[in-house]
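For reference, the structure is listed below as structure tokens.
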Amino acid sequence: MFTGIVEELGEIEAIEPDGDSVKVRIRGPVVSGDAAHGASIAVNGVCLTVVDVEDGSFTADAVKETLDRSSLGSLAAGSKVNLERPVRLQDRLGGHLVQGHVDGVGEILARDPGERWDVVTVSLPAHLSRYVVDKGSITVDGISLTVVEAGADRFTVALIPTTLALTTLGRKKPGDPVNLEVDVVAKYVERLIADRTGAAAS
């Protein structure tokens, strides 16, 4: 479980094909400092399992399912990535509950620069729109953000200077893909209501 508060802006050092999966080596001295084999680290919002740690970098496997359902398949050596270690039970929950399970891939549609922040418009896959509401939470490339305005096929977020400086969203351009994870609480509520409605109907 993560919080969507990015700890470090890492960099892809190498991507090695391995059958229908890839091995990814990522430079991230902060998150790899206490990592060990089997640990979880969120990479652009995708929970990956650490295979090896060496000299401030870690290696993880990304299987075909992960590559197909996220934007990780579009990364290359030199790409910057948002990194976060799992939350500990005694930590403050600074963002919101994030699983590291990508629900879909959106696309940066527009950036509207302000004096100190940017308003960014992101496309929203149709099957996710019911989970996104004004002032609700959404995870974009592993970053916990508050939705400014939610539409049927897009939403907007306001990026403060810290987010612009310390995450990949400060560098993303219109046309770039981003990983999206909707609020898991909304999905559980929907399932519970559906089960109760179905039981009442029968």
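Going by UniProt numbering, the sequence shown opens with residue 1, and the numbers climb by one from there. The beta carbon of each residue, even a glycine, is placed where N, CA and C say it ideally should be.
When only Cα atoms are considered, Arg171 and Asp195 end up about 42 Å apart. Take Thr168, set aside five residues on each side of it, and the residues of its chain with a beta-carbon closer than 6 Å to its own are Lys80, Asn82 and Asp141, in chain order. Given a length threshold of 3 residues, each whole run of the beta strand (DSSP E) inside the stretch 51–77 is given here in chain order: 57–62.
The straight-line gap separating the alpha-carbon atoms of Val119 and Glu8 is approximately 22 Å. Remark: C-beta atoms of Ser123 and Leu109 approach each other more closely than 7 Å. If one requires a minimum length of 3 residues, the beta strand (DSSP E) runs lying completely within the stretch 71–142 are 80–84, 104–113, 118–123 and 137–140, in chain order. Where Val31 is concerned, the enclosing alpha helix (DSSP H) starts and stops at Pro29 to Ser32. Here Tyr188 has no same chain residue with a Cβ atom under 8 Å from its own Cβ, once five neighbours each way along the sequence are excluded. In this chain, the alpha helix (DSSP H) harbouring Pro161 covers Pro161 to Leu166. Our two residues, Thr49 and Thr59, have alpha carbons roughly 8 Å apart in a direct line. Judged by DSSP in its simplified three-state form, Glu190 adopts helix.
For Thr3, the three-state secondary structure derived from DSSP is coil. The beta-carbon separation of Gly56 and Pro29, rounded to 4 Å, stays under the 8 Å limit for a contact. Its chain contains Ser21 as the residues whose beta carbon lies nearer than 7 Å to that of Val63, once the 5 sequence neighbours on both sides are disregarded; these appear in chain order. The residue from Gly33, Leu89 and Ile26 with its alpha-carbon nearest to that of Asp61 is Ile26. Listed in chain order, the non-local C-beta contacts of Ser70 below 6 Å within the same chain comprise Val46, Val102 and Asn179, local neighbours out to five positions each way being set aside.
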